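For the protein sequence lines, the chains are A and B, in the order given. Numbering of the first sequence is given in this note's numbering, commencing with residue 59 and proceeding in unit increments. Numbering of the second sequence is given in this note's numbering, commencing with residue 59 and proceeding in unit increments. Think of the CB as a built atom: it goes at the ideal place given N, C-alpha and C, for glycine as much as any other residue. For clarity, every value in this text was computed on a predicted model and none was experimentally measured.
There are 2 protein chains.
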Amino acid sequence: MTTVSHALSGKGIVAESTRARVIDTARRLRYRPNAVASGLRSNRLGILALVLRPLDTLESFQPEGVDYFLRFAGAASLSALEHGYGLMLLSDPTLPETPSVALAADGFIITEPVENDPVIDLLQTEGIPLLTVGKDLGRPSYDAWIEPNTAKITRQVLHHLEENGARRVAIAVGTDRNSWNISSEASYREWCSERGQEPLILAQRETSGTAGGRAIGEELLGMADRPDAVYCLTGRHAAGLMARLAESGVGTPDDMLLVAGSDSEQTRNSVPPISAVDLEPEVLARAAVAALVKQLGGEPASGQAGTDGRFIIRGSSTRL
Amino acid sequence: MTTVSHALSGKGIVAESTRARVIDTARRLRYRPNAVASGLRSNRLGILALVLRPLDTLESFQPEGVDYFLRFAGAASLSALEHGYGLMLLSDPTLPETPSVALAADGFIITEPVENDPVIDLLQTEGIPLLTVGKDLGRPSYDAWIEPNTAKITRQVLHHLEENGARRVAIAVGTDRNSWNISSEASYREWCSERGQEPLILAQRETSGTAGGRAIGEELLGMADRPDAVYCLTGRHAAGLMARLAESGVGTPDDMLLVAGSDSEQTRNSVPPISAVDLEPEVLARAAVAALVKQLGGEPASGQAGTDGRFIIRGSSTRL
DNA sequence: ACTCTTGCCCAAAACGTTTTGGGTGATTAC
DNA sequence: GTAATCACCCAAAACGTTTTGGGCAAGAGT
Numbered sequence: 059m060t061t062v063s064h065a066l067s068g069k070g071i072v073a074e075s076t077r078a079r080v081i082d083t084a085r086r087l088r089y090r091p092n093a094v095a096s097g098l099r100s101n102r103l104g105i106l107a108l109v110l111r112p113l114d115t116l117e118s119f120q121p122e123g124v125d126y127f128l129r130f131a132g133a134a135s136l137s138a139l140e141h142g143y144g145l146m147l148l149s150d151p152t153l154p155e156t157p158s159v160a161l162a163a164d165g166f167i168i169t170e171p172v173e174n175d176p177v178i179d180l181l182q183t184e185g186i187p188l189l190t191v192g193k194d195l196g197r198p199s200y201d202a203w204i205e206p207n208t209a210k211i212t213r214q215v216l217h218h219l220e221e222n223g224a225r226r227v228a229i230a231v232g233t234d235r236n237s238w239n240i241s242s243e244a245s246y247r248e249w250c251s252e253r254g255q256e257p258l259i260l261a262q263r264e265t266s267g268t269a270g271g272r273a274i275g276e277e278l279l280g281m282a283d284r285p286d287a288v289y290c291l292t293g294r295h296a297a298g299l300m301a302r303l304a305e306s307g308v309g310t311p312d313d314m315l316l317v318a319g320s321d322s323e324q325t326r327n328s329v330p331p332i333s334a335v336d337l338e339p340e341v342l343a344r345a346a347v348a349a350l351v352k353q354l355g356g357e358p359a360s361g362q363a364g365t366d367g368r369f370i371i372r373g374s375s376t377r378l
Numbered sequence: 059m060t061t062v063s064h065a066l067s068g069k070g071i072v073a074e075s076t077r078a079r080v081i082d083t084a085r086r087l088r089y090r091p092n093a094v095a096s097g098l099r100s101n102r103l104g105i106l107a108l109v110l111r112p113l114d115t116l117e118s119f120q121p122e123g124v125d126y127f128l129r130f131a132g133a134a135s136l137s138a139l140e141h142g143y144g145l146m147l148l149s150d151p152t153l154p155e156t157p158s159v160a161l162a163a164d165g166f167i168i169t170e171p172v173e174n175d176p177v178i179d180l181l182q183t184e185g186i187p188l189l190t191v192g193k194d195l196g197r198p199s200y201d202a203w204i205e206p207n208t209a210k211i212t213r214q215v216l217h218h219l220e221e222n223g224a225r226r227v228a229i230a231v232g233t234d235r236n237s238w239n240i241s242s243e244a245s246y247r248e249w250c251s252e253r254g255q256e257p258l259i260l261a262q263r264e265t266s267g268t269a270g271g272r273a274i275g276e277e278l279l280g281m282a283d284r285p286d287a288v289y290c291l292t293g294r295h296a297a298g299l300m301a302r303l304a305e306s307g308v309g310t311p312d313d314m315l316l317v318a319g320s321d322s323e324q325t326r327n328s329v330p331p332i333s334a335v336d337l338e339p340e341v342l343a344r345a346a347v348a349a350l351v352k353q354l355g356g357e358p359a360s361g362q363a364g365t366d367g368r369f370i371i372r373g374s375s376t377r378l
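Written out as structure tokens, the structure is:
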């Protein structure tokens, strides 16, 4: 048995001739090692778990405007397979109905954890390795994360708006206390203070969709010193915002420049199409899986930027 | 040990007081049964696997136009969790690099298997329960499937086109030999013969995207007795087709009525928007998971229609 | 001639559950 | 008063691997 195990796993020392014989016989007998038994003994099942946190607050896996997450999940799954792991899609594992197999995963990827995320607490007490996509702001010393280079992306967008004639740029963020919202806002504030400008920050819940975007538009319309550009993190907000402004005769891009922080169906298909940052979830997902696998192999974790994003300039932020 | 096992799983006969004491103690000690050990003994891991077959032929998990599958995966995942299972996303498990944990799943869902799908062969020789979404046409007697009610949907679409003035309807199908393509075509032929019409069937590879749609448009433009309506199964084809026709002055819906067989980003956002059948992947996914779980529980499998689709009428098929 | 490696193989223990097959004392049936 | 039935609990086996700790030749070093 030992020899077979070694021959098939490539671990111990087995004569090449013996290994060949074992492998051949195994094929002939259609023998495949039982992954569960092997998992029990070696304490390694070969499964990664993916928890898309923002979807736990939405009414579950709606497709519209959340294609970011679906692209992420698909790419993560393929990447996991390439590393020899299966990928299990989970929702919040702190919920009592969670199947016990959830915690049997070898490691977790948590996207956009909330501040002091209880999911992370659970995994840490269980001793399960994890990696977050986007920092947990309540754990500044926690080091296993990967995220877009938000500072760079924010500055790039703001620079673009300025170059296209914006005199005063507002930012519209979501209300979730996650790394993306907070760092984007911080970078924006920094940029404003460099220019001696008063920051203008509008917030709407992520879940509010285009209606939330309309509410932002409403707010802007009511302002005496209305800004002439908005960097709106959520694609759905951006679309709603643009629609609301248009209804009151404030045109994009003529009267208002607009950029969305995350590309989505809505930003691509509005009229005019909305400039947006493609956060390249595929790139991020592959990086996250690779980092987690490395961590499972014993290497120490370390936070890093996984993508600089791809800024797609469309009609909403360029005047001809 | 037996008593604890029984108390926690609710299986054997345990005095209520004992059970309470066990549960309480378990909580105090933060004891959780090890899913892998339990899986080894009981031969039931608590994981379902999902193989989205059409994505194995695409260049892997592209989001555009395949939101059907992503909606399916999300809904399947949630539904699996509700049934106490985790859901593992896999690509073709017959590939040699497949992690061995793939075959440790308790059951498989295979969407749109190809004819005589080798994945099904593999699972059957391994004795792993499976359910297909869309029949495998090479296995007429195989009974564990669920699929949209293609016949009903096709007739509904054709009826709608006829009602809106179509005199001659063509169908544009994909080239994959899967149940959707074949049954749609069969229903279409039947409908034609009922009317004594000559069927006109155009085929393009699914992977060709909007370019394939343009090719269909090209073909139509070259025809002397051009039909005045097209039922185009793939949303991306429909969008490309409409764009190509428009370039040659053939307007939709004025000169050509158009309906897509599967709703997607492209059909929603074309100008005019394209009428389409929403195949309700969420409904199908939930039905598939429920049926598979039932099958795992020992009940016999039986094929059935999972959804009648939701026909969304838009501008491309209605003349004012 | 003797130890010491080295290369290879093997028996047995271990992983943490579930299941099997009793076992015990209390209640009921005759 | 004995047997039968229950309700409950328990010891030990079993699931299919990996890992541990030798063991046995053959060659190398002295």
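query, result
"What are the complete beta strand (DSSP E) segments, minimum 3 residues, inside the segment 213-242 of chain A?", "227-232"
"Roughly how many whole angstroms lie between the Cα atoms of E323 (chain A) and A301 (chain A)?", "15 Å"
"Measuring only from the beta carbon, is E243 (chain B) closer than 8 Å to any heavy atom that is part of the ligand NAD?", "Within the structure as shown, the ligand NAD is missing, as the structure has no ligands at all."
"Thinking C-beta only, is Y126 (chain B) closer than 9 Å to L337 (chain B)?", "yes"
"Determine the chain B residues that contact V159 (chain A) at a beta-carbon separation under 7 Å, and present them in chain order.", "A93, L103, G104, I105, G144"
"One question on the structure: do Q362 (chain A) and I204 (chain A) come within less than 9 Å of each other, judged by their Cβ atoms?", "yes"
"Please give the ranges of any beta strand (DSSP E) in the segment 111-167 of chain A, keeping only runs that are unbroken, at least 3 residues long and fully inside the region.", "144-148"
"Any C-beta of chain A within less than 7 Å: which residues of the segment 164-185 of chain B qualify?", "none"
"Please state if the CB of A160 (chain A) and the CB of A95 (chain A) are separated by a distance shorter than 9 Å.", "no"
"Does the CB of N207 (chain B) have a neighbour CB from chain A at under 9 Å?", "no"
"DSSP has E205 (chain B) in a bridge; who is on the other side?", "B:A363"
"Using a C-beta cutoff of 9 Å, does L315 (chain B) count as contacting chain A?", "no"
"Does DSSP put Y89 (chain A) in a helix, a strand or coil?", "coil"
"Using 9 Å as the limit for Cβ to Cβ distance, is S96 (chain A) near chain B?", "yes"
"Going by Cα to Cα distance, which pick from B:Y200, B:A297, B:T268 is closest to D179 (chain B)?", "B:Y200"
"Within a Cβ cutoff of 6 Å, which residues of the same chain sit near G70 (chain B), ignoring the five residues on either side of it in sequence?", "H64"
"Report the option in A:T212, A:P311, A:L189, A:A296 whose CA atom is closest to the CA atom of L378 (chain A).", "A:P311"
"Which residues in the same chain as P91 (chain B) place their Cβ atom closer than 7 Å to its Cβ, once the five residues preceding and following it in sequence are excluded?", "L66"
"Can you tell me whether P358 (chain B) is helix, strand or coil according to DSSP?", "coil"
"From the DSSP output, in three-state form, read off Q262 (chain B) for me.", "strand"
"Counting only runs that start and end within the segment 259-299 of chain B, where is the alpha helix (DSSP H) found for 4 or more residues in a row?", "267-279"
"My guess is that R111 (chain B) and P171 (chain B) are in contact by the Cβ rule of under 8 Å, so how many angstroms apart are they, rounded?", "6 Å"
"Kindly identify the DSSP beta-bridge partner or partners of I370 (chain B).", "B:A334"
"Please determine, among B:T212, B:G293, B:N236, the residue with the shortest C-alpha to C-alpha distance to S328 (chain B).", "B:G293"
"Short of 7 Å in beta carbon distance, which residues of its chain neighbour S375 (chain A), apart from the five on each side in sequence? Order them along the chain.", "H218, L219, N222, P311, L315, L316, V317, S333"
"First and last residue of the beta strand (DSSP E) that includes A318 (chain B)?", "315-318"
"Let me check one thing: in DSSP terms, what residues is I186 (chain A) bridge-paired to?", "Per DSSP, none; premise fails for I186 (chain A)."
"Since V227 (chain A) contacts P285 (chain A) with CB under 8 Å, what's their CB separation in whole angstroms?", "6 Å"
"For P121 (chain B) and A131 (chain A), what's the separation of their Cα atoms in angstroms?", "In this predicted model, P121 (chain B) has a pLDDT of only 46, less than 50, meaning its place in the structure is not dependable; the value taken from the coordinates is given anyway. Roughly 11 Å between the two C-alpha positions."
"For the alpha helix (DSSP H) that A65 (chain A) lies in, which residues bound it at each end?", "60-67"
"Roughly how far, in whole angstroms, is the beta-carbon of G319 (chain B) from the beta-carbon of S242 (chain B), given that I think they are within contact range, below 8 Å?", "7 Å"
"So, L279 (chain B) versus L260 (chain B), is the Cβ gap smaller than 9 Å?", "no"
"Look up T169 (chain A) in the DSSP assignment and give the residues it is bridged to.", "A:L110, A:V191"
"What does the Cβ neighbour count give for S360 (chain B), buried or exposed, with the cut at 16 atoms within 10 Å?", "exposed"
"From the beta carbon of S320 (chain A), is the nearest beta carbon of chain B less than 9 Å away?", "no"
"How would you write the range of the alpha helix (DSSP H) that T310 (chain B) sits in, first residue to last?", "Segment: none, T310 (chain B) is in no alpha helix (DSSP H) and carries neither H nor E."
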